[in-house]
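Let me begin by presenting the structure, written as structure tokens, before commenting on it.
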Amino acid sequence: MAPADHTPDDIRGTARGTAPVPLSVLDLATVGAGRTASDALRTGVELSRLAEDRGFHRYWVAEHHSMPGVASSSPAVILAHIAAHTTRVRLGSGGVMLPNHAPLVIAEQFGTLEALAPGRVDLGLGRAPGTDGATAAALRRTDRLNEGADDFPQQLAELTRFLDDDFPDGHPYARIHAVPGPVQATAPGGVQSRHRPPVWLLGSSGFSARLAGSLGLPFAFAHHFSAHNTIPALDLYRESFRPSEVLDAPYALIGVAALAADDEREARRQIMAGALSMVRLRTGRPGLVPTPEEAEAYEFSPMEREFVDSWNKNVVHGTADEVRAGLDDLHKRTGADELMLTANAHSGEVRLRSYELIADAYGLPTGAAVVVDAV
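As numbered in our numbering, residues 44 to 418 make up the sequence shown, in order.
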């Protein structure tokens, strides 16, 4: 059976307004102190509608586990809900952690999403667990955690076969089909489109950069938490790239922590709350995202202060004009084909305001007002 249809148009976006490249959204579904997971997911609906309304290219969610401040443990479930509230913006995972799941399960989940939102679903894959080692062991029902990372290329190949429904004759899985999927196009009376979600590889180091390049796949780099590796990884991706049926030239986006506020001081207050949340996560005390007031009152140790200063150095923040200048500079330094913005703040209102300000700063199109009443 021939591979299912996918084209570069599924991948490459269009820059809007005065933005140098397409802008997209990474929603971590953060839960602030005094807020609920329902609040975070409701904000996600509003944010996806804002993204669609203002011309952001994609809305992605990421798989995390055992983190009270992050409500995105089930990307496919969230994306199915978002699909019901949007019509144009691309929806995807940034990413699903492939070693945590059987490839057939992911193929079925994203085949279902493709059926719900035809032609606008992305499947971004990572090889990290998206959590600590003990939680990863619980997810995978094994203590051999290195096995998942070492087997990633083989798992990716198996997943791709399920997505394309093209296991060779004699393969143990040749008679197994991911449904919804391409098999429904070739069954008697089948009228199903053979289009399937394009696969992206995600990474924070060189491994996935090299693999994505060698396979001719699009690549997404986690600049928002691994900024020192960004340029080396992008260089490696471009050097390793081999044209494929998916892409004839490299296409790389980078995740960027960015938060705009009406004045610089308020932006600083907001990112300090996110920084304190990261301090607690990195020291084994994950919790809800604290309020800016809690962060202002917190007494950072010298080691914590050093971490916060290093972390915040890579958060593009300030007024809308300051954030625009920072994003423009980052684009010039990295040559990224797309910037995917994530705003880590205590409240959904602050996050939504940040994206509105950035959209205004770049002159992104303005559509009808969006109101969401329920999760």
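Ideal Cβ placement from N, Cα and C applies to all residues, glycine included.
Around the Cβ of residue i, are there at least 16 other Cβ atoms within 10 angstroms (buried) or fewer (exposed)?
i	result
Q198	buried
V234	exposed
G56	buried
E190	Low confidence applies to E190: its pLDDT is 48, below 50, so where it sits in the model is not reliable, and the reading given next is rough at best. Classification for E190: exposed.
F153	buried
S116	buried
P231	exposed
P196	exposed
T326	exposed
P111	exposed
T79	exposed
P65	buried
H107	buried
D212	exposed
R396	buried
Suppose you measure from the CA of residue i to the CA of residue j; what does that come to, to the nearest Å?
i	j	result
R237	D207	8 Å
A58	G98	9 Å
D194	S287	22 Å
T61	D372	14 Å
V178	S109	Residue 178 is actually Thr in this sequence, not Val. Roughly 7 Å between the two C-alpha positions.
R308	G369	16 Å
A158	R312	42 Å
F262	T229	31 Å
V74	R328	15 Å
V164	F264	19 Å
N388	E282	This sequence places Ala at residue 388; Asn is not what is there. In a straight line, the C-alpha of A388 is about 36 Å away from that of E282.
D306	A171	37 Å
E151	S269	31 Å
V393	M140	28 Å
G391	D82	8 Å
L254	A292	15 Å
V299	V120	24 Å
A404	A105	26 Å
R427	I149	Outside the displayed span of the chain (44 to 418) sits residue 427, for which this structure offers no information.
E339	A316	8 Å
H267	L71	12 Å
I401	A94	11 Å
Grab me the residues of residue i's own chain with a C-beta within less than 6 Å of its C-beta, minus the 5 sequence neighbours each way, in chain order.
i	result
E201	P146
W103	L69, G135 and G137
A301	V359, V366 and L384
A216	Position check: residue 216 holds Tyr in this sequence, whereas Ala was assumed. Excluding sequence neighbours, Y216 sits near F210.
I54	P241, P261 and Y294
V226	D208 and H220
Give me, in chain order, the residues of the same chain whose beta-carbon lies closer than 7 Å to that of residue i; leave out the 5 immediate sequence neighbours on both sides.
i	result
N355	I314 and A318
I125	G87, V88, S91, Y102 and L134
Using the three-state DSSP reduction, which class does residue i fall into: helix, strand or coil?
i	result
L10	The question about residue 10 has no answer, for the chain in this structure spans 44 to 418.
V113	strand
H267	coil
T73	strand
G259	coil
G154	helix
R101	strand
G317	helix
H128	coil
G249	helix
M135	The amino acid occupying residue 135 in the given sequence is Gly; Met does not appear at that position. Note: G135 maps to strand in three-state DSSP.
H374	helix
S236	coil
Cutting at 8 Å between CB atoms, please list the residues of its own chain near residue i, excluding the five before and the five after it.
i	result
V414	Residue placement at V414 is poorly supported in this model, since its pLDDT is 42, which falls under 50; the coordinates still yield a value, given next. Cβ within range, chain order: n/a, list empty.
Original post:
Are the stretch 337–353 and the stretch 127–147 in contact at 8 Å, needing three or more beta carbon pairs?
Top reply: no
Subject >> Cβ pair count under 8 Å reaching 3, the stretch 395–413 against the stretch 328–342 >> reply: no
**OP:** Could you tell me whether the stretch 271–289 touches the stretch 214–228, where touching means 3 or more Cβ pairs closer than 8 Å?
**Re:** no
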